[in-house]
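Per the numbering used here, the sequence shown starts with residue -12, numbered consecutively.
C-beta: ideal position from N, C-alpha, C; glycine also.
Notes follow the structure.
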Amino acid sequence: MKILLFISLFFFEVCKAQLFIINDIDGYTNVREKPNQNSKINGRIIENQVFAIDSYLQDEENKSNDWIAIKFPTNIDEKSNFLKFEGEEKTGYVHKSRLVELENLPKFEKNEMHPNKVIHQNNDTEVVIETQAFKRSDHKISQTDEGFYLIDGEKAFPYYGGETTEIKSIVFKSKDKTFISPKNFFKNLLMVNAENTSVYRGNNDESYLLFDAGDGADSYNIIFCIKDYKLFSRTITSTIP
């Protein structure tokens, strides 16, 4: 039993993505094709956008000590009232001086934990997260010609037609402000557990809410950036490289 537990914990740590944001006075940083300043620019990371290390490329192929291999979504949805970073990912390199690891930011404490509800707190903010069994009757479910499921018209992460879980509510509270996340922010994000969440405070008073979601090959991360008590961005990135 101890061996199985060790293997499970080891597998979780290996698969857990290293998540970062940038720190750049320009508000963005360029992503390079190769690990050097003169390489072609193949993308851009903006302030408050969360992205992951490409662990295979970084460990197996990157010979630079100053440039870090990352992966970032190529599909940026700017039509909604918040930025969506999700879908197919590509790789590139960012100079290490621009990187801030999410786990190194101040972390909220989990003060209350229930099977489907968790409360995170710091000195001035409380974050209440609730999850529940997926209620099919509350959604419009359809399939594409390729067989992928859509939840209320958006690609489901992940769904195969059976029982699963969904986010019920996300609430940020301070003494004089409250932000209640509309359901369209998370209606297509499934296989979630309130207990598998963390909240971090950024350098400019923004907050990052992280879900370690999915299971096995369907493991993925959801990261919400809350800025000025509004949702600024939502990033979805795969956990297994």
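Can you tell me which of N17, A120, Q5, N23 puts its alpha carbon nearest to the alpha carbon of S51? The sequence position of residue 51 within the sequence shown is 64, counting from 1. Among N17, A120, Q5, N23, the Cα nearest to that of S51 is on N23.
On the criterion of 16 or more Cβ atoms from any shown chain inside 10 Å, does N171 qualify as buried, or is it exposed? Residue mapping note: residue 171 aligns to position 184 of the sequence shown, counting from 1. Under a 10 Å Cβ-count criterion, N171 is classified as exposed, with fewer than 16 other Cβ atoms of the shown protein chains found around its own Cβ.
Compute the beta-carbon to beta-carbon distance between A39 and I57, rounded to the nearest angstrom, for a pair I have assumed lies under 8 Å. Locating residue 39 in the sequence shown gives position 52, counting from the first residue. Locating residue 57 in the sequence shown gives position 70, counting from the first residue. That pair is a contact at about 7 Å.
Under DSSP, the beta strand (DSSP E) around F159 begins and ends at which residues? Walking along the sequence shown from the start, residue 159 turns up at place 172. Per DSSP, F159 belongs to the beta strand (DSSP E) from 152 to 160.
Look at the Cβ atom of G189, then the Cβ atom of L70, and state whether they are nearer than 8 Å. As a position in the sequence shown, residue 189 is number 202, starting the count at 1. As a position in the sequence shown, residue 70 is number 83, starting the count at 1. Pairing G189 with L70 gives a Cβ-Cβ distance that is not under 8 Å.
Nearest CA to the CA of A4: which residue from Q45, K21, P169? Position 17 of the sequence shown, counted from the start, is the residue given in the question as residue 4. Just measuring C-alpha positions, the residue of Q45, K21, P169 sitting nearest A4 is Q45.
Give me, in chain order, the residues of the same chain whose beta-carbon lies closer than 7 Å to that of I33; leave out the 5 immediate sequence neighbours on both sides. What you label residue 33 is simply residue 46 of the sequence shown in a count that begins at 1. Cβ neighbours of I33 beyond the five flanking positions: G14, Y15.
Between the CA atoms of N35 and N191 - distance to the nearest angstrom: The count along the sequence shown starts at 1 and reaches residue 191 at position 204. The count along the sequence shown starts at 1 and reaches residue 35 at position 48. Rounded to whole angstroms, the separation of the alpha carbons of N35 and N191 is 10 Å.
Closest to D139 by CA distance: which of D132, T151, S124 is it? Numbered from its first residue, the sequence shown carries residue 139 at position 152. The shortest C-alpha separation from D139 is found at S124.
For R19, tell me which candidate among N10, K77, I63, D64 has the shortest Cα-Cα distance. In the sequence shown, the residue the question calls residue 19 occupies position 32. Distances from the CA of R19 to each of N10, K77, I63, D64 were compared; the closest alpha carbon is that of K77.
Do you know offhand how far T224's Cα is from R85's? In the sequence shown, residue 224 corresponds to position 237, counting from 1. In the sequence shown, residue 85 corresponds to position 98, counting from 1. As the crow flies, the alpha-carbon of T224 is around 20 Å from that of R85.
Let's test the definition: count the other Cβ atoms within 10 Å of the Cβ of I28 and tell me whether it reaches 16, buried, or not, exposed. On the sequence shown, position 41 is the one that residue 28 refers to. Burial call: exposed.
Should E0 be labelled buried (16 or more other beta-carbon atoms within 10 Å of its own) or exposed? Mapped onto the sequence shown, residue 0 falls at position 13. Residue confidence for E0 is low, a pLDDT of 40 falling below 50, so the modelled location carries little weight; the figure read from the coordinates is stated next. By the neighbour-count criterion, in which 16 or more other beta carbons inside 10 Å mark a residue as buried, E0 falls on the exposed side.
Opposite E62 in the DSSP bridges: which residues? Your numbering for residue 62 matches position 75 in the sequence shown. The sequence as given places Asn at residue 62; Glu does not occur at that position. Answer is E73, bridged to N62.
N110 burial status per 10 Å Cβ neighbour count (16 or more: buried): Locating residue 110 in the sequence shown gives position 123, where the first residue counts as 1. If you draw a 10 Å sphere on the C-beta of N110, you find fewer than 16 other C-beta atoms in it, and that means exposed.
Per-residue DSSP class, three states only, for G203: Mapped onto the sequence shown, residue 203 falls at position 216. G203 falls in the helix class under three-state DSSP.
Cβ separation of A120 and T152, assumed to be a contact under 8 Å, to the nearest whole Å: As a working mapping, residue 120 is identified with position 133 in the sequence shown. As a working mapping, residue 152 is identified with position 165 in the sequence shown. Indeed they touch by this definition, with Cβ atoms about 6 Å apart.
Measuring only the C-alpha atoms, how far is V87 from L218? By one-based count along the sequence shown, residue 87 stands at place 100. By one-based count along the sequence shown, residue 218 stands at place 231. Note on geometry: alpha-carbon atoms of V87 and L218 lie some 20 Å from one another.
Pick helix, strand or coil for Y15, following the three-state DSSP scheme. One-based indexing of the sequence shown puts residue 15 at position 28. Reduced to three states, the DSSP call for Y15 is strand.
Candidates F7, E193, N183, of which the one nearest N103 by Cα: As a working note, residue 103 is residue 116 in the sequence shown. Out of F7, E193, N183, N183 has the C-alpha closest to the C-alpha of N103.
Beta-carbon gap between I213 and L197 smaller than 8 Å: Start at 1 with the first residue of the sequence shown, and residue 213 comes out as number 226. Start at 1 with the first residue of the sequence shown, and residue 197 comes out as number 210. No, the Cβ-Cβ distance between I213 and L197 is not below 8 Å.
Could you check what DSSP says for S29 in three-state terms: helix, strand or coil? Numbered from its first residue, the sequence shown carries residue 29 at position 42. The sequence shown places Asn at residue 29, not Ser. Three-state result, N29: strand.
To the nearest angstrom, how far is it from the Cα of S161 to the Cα of N68? In the sequence shown, the residue the question calls residue 161 occupies position 174. In the sequence shown, the residue the question calls residue 68 occupies position 81. Cα to Cα, S161 sits roughly 23 Å from N68.
Simplified DSSP state of Q45, which is helix, strand or coil: Numbered from 1 along the sequence shown, position 58 holds the residue referred to as residue 45. In the structure shown, Q45 sits in a helix (DSSP, three-state: H, G or I).
Helix, strand or coil: which one does DSSP assign to S194? If you number the sequence shown from 1, residue 194 lands on position 207. Strand, per DSSP.
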